[in-house]
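S.K.: Position in the sequence shown (first residue = 1) + 3 = the working numbering.
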Amino acid sequence: MQQLRRGAVGVTVATNPFVSPCDHVVPARLVSQSYAVPIKHSLRSPLENNRRQRLSTRAMQREEPGPGQESVWDYPRPPRLEPVPERITVELGGKVIADTTGAYRVLETSHPPTYYLPPKDVDMEQLKPSSGSSYCEWKGSASYYDAPGKPKIAWYYAKPSSSFTQIANYLCFYPSKVDKATVGGETVKAQPGDFYGGWITSKLVGPFKGSPGTMGW
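Structure, rendered in structure tokens:
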């Protein structure tokens, strides 16, 4: 009988570093239904994990921010939630489906911010609830929305943890899955790898987690 590893939150979890409870949303397509894999196929010793992380981090060369810029390596962990003064828009299918000045962003070490938009400022008729869910150790259980031809285009937390109650039911869009997303009028770029959903603007410097070889950052 194969053993399974138990996570700190009391659920059986995958020990593969690509499919694990972590400090960010794990897209549901990458998480098994049971959140479980046999240990013998995925568990490494602590020494091996530390060695891999040291090698991965050693290859990272921090970029120094210029005037008016932020480094994602100055962001905290655990992540921090803060209101966004800029206007945020999202376009899909040739029209604006979200337009708000009441968004929040989540800042976390090595990641471009994720932006959470209030549902009152989103055209919810363009979206429908999706199947599946994922888990974030900081924010809790996430659910998803689909758009026509765009599965899991956004996620939200119906009952987030106490540190993130301000964004209950707020939507966070994957910038790679929409036609256009803007922050203060600037069109954003998607975080590398199409895994985490961060929004990159010219005010950010990295390097950013998400590209091949950065999973240990």
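Where is the CB? At the ideal position from N, CA and C, for every residue including glycine.
For Lys162, which of Thr217, Trp202, Ser146 and Thr112 has the nearest alpha-carbon?
M.R.: Of the listed residues, the one whose Cα sits closest to Lys162 is Ser146.
S.K.: Considering Cα atoms alone, identify which of Asp149, Met127 and Glu73 is closest to Ser133.
M.R.: Of Asp149, Met127 and Glu73, the residue nearest in Cα terms is Asp149.
S.K.: Just to confirm before moving on: does the CB-CB distance between Val125 and Pro116 stay below 8 Å?
M.R.: Not in contact: Val125 and Pro116 (Cβ atoms no closer than 8 Å).
S.K.: Whole angstroms is fine: what's the gap from Trp158's alpha carbon to Cys175's?
M.R.: About 5 Å.
S.K.: On the three-state DSSP scale, how would you describe Lys183?
M.R.: Correct three-state label for Lys183: strand.
S.K.: Rounded to the nearest angstrom, how far is the Cβ of Glu111 from that of Arg80, given a contact under 8 Å?
M.R.: Right, the Cβ-Cβ distance comes to about 6 Å (below 8 Å), so this counts as a contact.
S.K.: For Gly200, count neighbouring C-beta atoms within 10 Å of its own C-beta (all shown protein chains included) and say buried if the count is 16 or more, exposed if not.
M.R.: By the Cβ neighbour-count rule, Gly200 is buried, with 16 or more other Cβ atoms within 10 Å of its own.
S.K.: In the DSSP assignment, what are the bridge partners of Arg90?
M.R.: Answer by DSSP bridge pairing: none, since Arg90 is not bridged.
S.K.: So, using beta-carbon positions, are Val87 and Ala106 closer together than 8 Å?
M.R.: yes
S.K.: Rounded to whole angstroms, how far is the Cβ of Leu207 from the Cβ of Glu73, which I believe are closer than 8 Å?
M.R.: 6 Å
S.K.: Roughly how many whole angstroms lie between the Cα atoms of Ala77 and Thr92?
M.R.: Sequence inspection shows Asp at residue 77; the Ala mentioned does not correspond to that position. Rounded to whole angstroms, Asp77 and Thr92 show a C-alpha spacing of 26 Å.
S.K.: Are the Cβ atoms of Tyr173 and Pro210 separated by less than 8 Å?
M.R.: no
S.K.: In its own chain, which residues sit with a C-beta less than 7 Å from the C-beta of Pro154, not counting the 5 before and 5 after it?
M.R.: Ser133
S.K.: Going straight from the alpha carbon of Lys131 to that of Gly152, what length do you get?
M.R.: 12 Å
S.K.: In whole angstroms, what separates the C-alpha of Ile156 from that of Met218?
M.R.: 23 Å
S.K.: Could you pull the start and end residues of the beta strand (DSSP E) that Leu110 belongs to?
M.R.: Element bounds for Leu110: Tyr107 to Glu111.
S.K.: Buried or exposed: which applies to Gln169, given that a residue is buried once 16 or more other Cβ atoms fall within 10 Å of its Cβ?
M.R.: Answer is exposed; the Cβ neighbour count stays below 16.
S.K.: Taking the beta strand (DSSP E) that Trp158 falls in, what are its first and last residues?
M.R.: Lys153 to Tyr159
S.K.: Measure the beta-carbon distance from His114 to Lys183 and round it to whole angstroms, keeping in mind my assumption that it falls under 8 Å.
M.R.: Between Lys183 and His114 the Cβ distance is about 21 Å, and since that is not below 8 Å, they are no contact.
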